[in-house]
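The sequence shown begins at 26 in the numbering used here and counts up one residue at a time.
Ideal Cβ placement from N, Cα and C applies to all residues, glycine included.
Keep in mind it's a predicted model, so treat the numbers as computed, not measured.
Data block below; observations after.
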Amino acid sequence: MEYKTIVCDVLVVGAGGAGCRAAIEASNYNLDVIMLSKELLGKAHTSMAEGGINVAMGNVDPNDDPETHFKDTVVGGNYINNQELVEILVDNAVARVYDLEEMGAVFDRTPEGKIAQRPFGKQSWRRTAYASDRTGSEIMVTLVEAIRKSSVRVFDEMFATKLLVQDGRIAGVTAIDMKYGDYLVFRAKAVVMATGGAGRIFKVTSNAQLDVGDGYAMAYEAGCEMIDMEMIQFHPTGMTRPESAKGRLVTEAVRGEGGILLNSEGERFMKKYYPKVMELAGRDQVARSIMTEVIEGRGSPTGGAYLSISHLPKRIVEFRLESMIEQFGDAGVDIRDEPMEVSPTCHHFMGGISIDTSAQASIPGLFAAGECMGGLHGGNRLGGNALCDTQVFGALAGESAASFAKEHGLTGFDRDVAKQEFERVEAMLQRKDGISPADAREELNELMWSKVQIFRNEEDLEHAVKELRRIQQEVVPKIKVDVPIKRFNPGWHQAIEFAHMVITARMVAEAAFMRKGSRGAHYRVDADPDDKGYYNIVIRKGEDGEMELKRKDLVITRIQPP
Numbered sequence: 026m027e028y029k030t031i032v033c034d035v036l037v038v039g040a041g042g043a044g045c046r047a048a049i050e051a052s053n054y055n056l057d058v059i060m061l062s063k064e065l066l067g068k069a070h071t072s073m074a075e076g077g078i079n080v081a082m083g084n085v086d087p088n089d090d091p092e093t094h095f096k097d098t099v100v101g102g103n104y105i106n107n108q109e110l111v112e113i114l115v116d117n118a119v120a121r122v123y124d125l126e127e128m129g130a131v132f133d134r135t136p137e138g139k140i141a142q143r144p145f146g147k148q149s150w151r152r153t154a155y156a157s158d159r160t161g162s163e164i165m166v167t168l169v170e171a172i173r174k175s176s177v178r179v180f181d182e183m184f185a186t187k188l189l190v191q192d193g194r195i196a197g198v199t200a201i202d203m204k205y206g207d208y209l210v211f212r213a214k215a216v217v218m219a220t221g222g223a224g225r226i227f228k229v230t231s232n233a234q235l236d237v238g239d240g241y242a243m244a245y246e247a248g249c250e251m252i253d254m255e256m257i258q259f260h261p262t263g264m265t266r267p268e269s270a271k272g273r274l275v276t277e278a279v280r281g282e283g284g285i286l287l288n289s290e291g292e293r294f295m296k297k298y299y300p301k302v303m304e305l306a307g308r309d310q311v312a313r314s315i316m317t318e319v320i321e322g323r324g325s326p327t328g329g330a331y332l333s334i335s336h337l338p339k340r341i342v343e344f345r346l347e348s349m350i351e352q353f354g355d356a357g358v359d360i361r362d363e364p365m366e367v368s369p370t371c372h373h374f375m376g377g378i379s380i381d382t383s384a385q386a387s388i389p390g391l392f393a394a395g396e397c398m399g400g401l402h403g404g405n406r407l408g409g410n411a412l413c414d415t416q417v418f419g420a421l422a423g424e425s426a427a428s429f430a431k432e433h434g435l436t437g438f439d440r441d442v443a444k445q446e447f448e449r450v451e452a453m454l455q456r457k458d459g460i461s462p463a464d465a466r467e468e469l470n471e472l473m474w475s476k477v478q479i480f481r482n483e484e485d486l487e488h489a490v491k492e493l494r495r496i497q498q499e500v501v502p503k504i505k506v507d508v509p510i511k512r513f514n515p516g517w518h519q520a521i522e523f524a525h526m527v528i529t530a531r532m533v534a535e536a537a538f539m540r541k542g543s544r545g546a547h548y549r550v551d552a553d554p555d556d557k558g559y560y561n562i563v564i565r566k567g568e569d570g571e572m573e574l575k576r577k578d579l580v581i582t583r584i585q586p587p
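In structure tokens, the structure reads:
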């Protein structure tokens, strides 16, 4: 099996907000840095993050400070966050936002000319800096321009499939050039994983098509410790129609600017669930409230609720929610006068690769940042903390990877392991009979959406665990590609992705099945009252190849759980 080998000092896998920030930081150390992007540079999911980035500047509410940001994040995460990581987030957020400004990012301003900030759910003060409702796009445009001005070598449309580990240390990755079908091995002294989330394992999601859990599966297979994989955030407001747009994100900024949720009877129902904060309750709380209204027969025709901003001045809506006007305008709805129909959509993985305070994973030389890392957000992520996470931990991972690369030489790699990986993905092209990835993916999506969604119970989770084990054993080995060509073959890419999706889905379901109580986004309707949930669940691949799960004590620095 022929493949090409490319060598560098630091390899960044993923080119979203975290990956770009990591690559920029690492390149400041006069090192050879390569960044792999599964799509064209600049098209990452970060661009779809609309509402804003949390930073305790105090520009609008002078009483805000990093200590309050810390408290809000831990309380919002239902007290199971790694508090050492939260400290890093809040202590570095301001500097990272000013970094973005220096690179050219333009944020909305106050009348005094300071960066403007808006309210978001479960936050004590107006903390979320924004660029209209296109904040993620503004950040990505800025980072991509900085990448192009840097020495970073970018390989786009490059599909990383496996992490290579040698003598207990990271050695690089195997990859496929999606354009030409060539096989490559990227060798590096240090690797940063910044591969985003896995919303596409669910039927309804706000995530981009390529967010299938590649990074989670690769890290697990390499032997990394994974954490909090049961904690999935279902954003309360995704579009419900047209069908082609179902699940598409309706930014929390709509509620932050004063949008209200109504049921089919015209009742502002959040008053009865969370009367003090109403629409600005936690995302998990708002999502459960909407679904309760639907289950009890007060939902909208498409199985959601109504989100209205028609009471707000049109000039405010047009200035601050420009992309929402366009998004719903395409669906024939003028949100300035008509309510939006919304329902929960799989949005964010709080769990992921477990890291230490240098952003290093349990494998030396491997670092992680952004959504593919876990432990920071605990049981529920606050809106605005994701973009903050990408910049703070992207920079930290890039700096730490650069330091590691300067202190360590290039390690070897097992050529047989690389060869076996390429033979595995090649076999999908050669298989004559089997199951199409599209059919297999539809089955997986339906299973996860029906059994591992917002309201969970023992029977559903046990069924999901058994089915996912069966799918991994019986379906994954039979995945075949209809068109046996290597040059830009989406069917082949989806076949490879499916194995990653199943591993990720298994981690989610197995951890959810193990956690018998409710905590954060993990809500059990049959919760064990004796399981208060003040622990983390970590997962590793055992020496026998089986998935091993165990409880882990919380990392607490300041705030004790109640």
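| Query | Result |
| --- | --- |
| Note the first and the last residue of the continuous alpha helix (DSSP H) segment covering V279. | 278 to 281 |
| Is the distance from the Cβ of T153 to the Cβ of F145 below 7 Å? | yes |
| If we require 3 or more residues per run, which beta strand (DSSP E) segments fall completely within the segment 406 to 464? | none |
| Looking only at DSSP bridge pairs, what is T230 linked to? | C371 |
| Nearest CA to the CA of H525: which residue from A130, K139, Y241? | Y241 |
| Could you please give me the residues that DSSP links to Q142 through a beta bridge? | A154 |
| Between the segment 65 to 83 and the segment 378 to 385, can you find at least three pairs of beta-carbon atoms closer than 8 Å? | no |
| Express the C-alpha separation of I510 and D441 in angstroms, rounding to a whole number. | 24 Å |
| Run through DSSP, which three-state label would S52 get? | helix |
| Grab the span of the alpha helix (DSSP H) containing P326 for me, first residue to last. | P326 -> no alpha helix (DSSP H), and no H or E assigned at all. |
| In whole angstroms, what separates the C-alpha of F538 from that of G558? | 13 Å |
| If you follow the beta strand (DSSP E) that T262 is part of, which residue opens it and which one closes it? | 257 to 264 |
| Provide the residue(s) that pair with Q585 in DSSP beta bridges, ordered along the chain. | DSSP, once it has assigned bridges, lists no residue as partnering Q585. |
| In the DSSP assignment, find the alpha helix (DSSP H) that holds Y104 and state where it starts and stops. | Per DSSP, Y104 belongs to no alpha helix (DSSP H) and is neither H nor E. |
| What's the gap between the Cα of M183 and the Cα of E27? | 17 Å |
| When the Cα atoms are used, what is the spatial distance from R178 to K503? | 37 Å |
| For H547, which of helix, strand or coil comes out of DSSP? | strand |
| In this structure, does DSSP put V198 in helix, strand or coil? | strand |
| Measure the C-alpha to C-alpha separation of I172 and A118 and round it to an integer number of angstroms. | 21 Å |
| Please state if the CB of N405 and the CB of A520 are separated by a distance shorter than 7 Å. | no |
| Give me, in chain order, the residues of the same chain whose beta-carbon lies closer than 6 Å to that of P462; leave out the 5 immediate sequence neighbours on both sides. | I504, Q519, A520, F523 |
| Could you tell me the alpha carbon to alpha carbon distance between R293 and V302, rounded to whole angstroms? | 12 Å |
| Assign A120 to one of two classes, buried (16 or more other C-beta atoms within 10 Å of its C-beta) or exposed (fewer than that). | exposed |
| What are the boundary residues of the alpha helix (DSSP H) that G516 is part of? | 515 to 539 |
| Using the beta-carbon count (16 or more within 10 Å), is I528 buried or exposed? | buried |
| Look at the alpha carbon of M316 and the alpha carbon of S368, and state the distance between them as a whole number of angstroms. | 8 Å |
| Going by DSSP, which residues form a beta bridge with A215? | V35 |
| Using DSSP with H/G/I as helix, E/B as strand and the rest coil, what is N470? | helix |
| Give the secondary structure of F184 by DSSP, where H, G and I count as helix, E and B as strand, and everything else as coil. | strand |
| Just to confirm the assignment, what range does the beta strand (DSSP E) spanning G377 have? | 377 to 379 |
| Compare the C-alpha of E446 against each of L188, S176, R46, L125 and name the closest. | L188 |
| Identify, in the order they occur along the chain, each residue of the same chain with its Cβ nearer than 8 Å to the Cβ of I481, setting aside the five sequence neighbours on each side. | According to the sequence displayed, residue 481 carries Arg and not Ile. Hits under 8 Å: A537, H547, Y548, R549, V550. |
| Going by the DSSP bridge assignment, what does A393 pair with across the sheet? | M218 |
| Can you look up T167 in the DSSP assignment and give me helix, strand or coil? | helix |
| Count the other CB atoms, across all protein chains shown, that sit within 10 Å of the CB of S176; report buried if there are 16 or more and exposed otherwise. | exposed |
| With distances taken Cα to Cα, identify the nearest neighbour of L469 among I226, P389, K457, K444. | I226 |
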